[in-house]
Amino acid sequence: MKIYKEFNKKGDKIIFEIPAKTARYNPYMDKKEQSGTHDTLIGMKSHDKEEMGWARVIDMEYKGKDDQYTDFLIHWWGSEEEFDAICKDIEVGVVML
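Here the sequence shown is numbered in my numbering, starting from 111 and rising by one per residue.
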């Protein structure tokens, strides 16, 4: 992840650059052996849709399990429609908590 501040005529911005894909590795094998990639982020919504945001995907393929997710890294404070549109635009899946 790369984090930096950008200065421009429209105002200052703090930018978080996150790779779209992350390598899958089996920690019990040589680290150089990659077994594909997975999405780095996932959109998450609570069942009551009062909390929305993005979380990091935890690779669990090496254990034969579905991937898991961290807690929210970035919370979304806008509408559900805006959140869904952003996730679609950046090609990030969405799961319900």
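Note that CB positions come from ideal geometry on N, CA and C, so glycine has one too.
_Rounded separation between ALA179 and LYS155 - CA only_ = Correcting the residue type first, residue 179 is Tyr in the shown sequence and not Ala. Cα-Cα distance, rounded: 12 angstroms.
*Assuming THR150 and ARG166 form a contact by the criterion Cβ under 8 angstroms, report the distance between their Cβ atoms to the nearest whole angstrom.*
7 angstroms
_Between which residues of its own chain and MET162 is the CB-CB distance below 6 angstroms, once the five residues before and five after are set aside?_
LYS155, TRP186, PHE193
*Output yes or no for whether 9 angstroms exceeds the beta carbon distance between PHE126 and MET139.*
no
_Start and end residues, alpha helix (DSSP H) containing ILE196_ = 190-199
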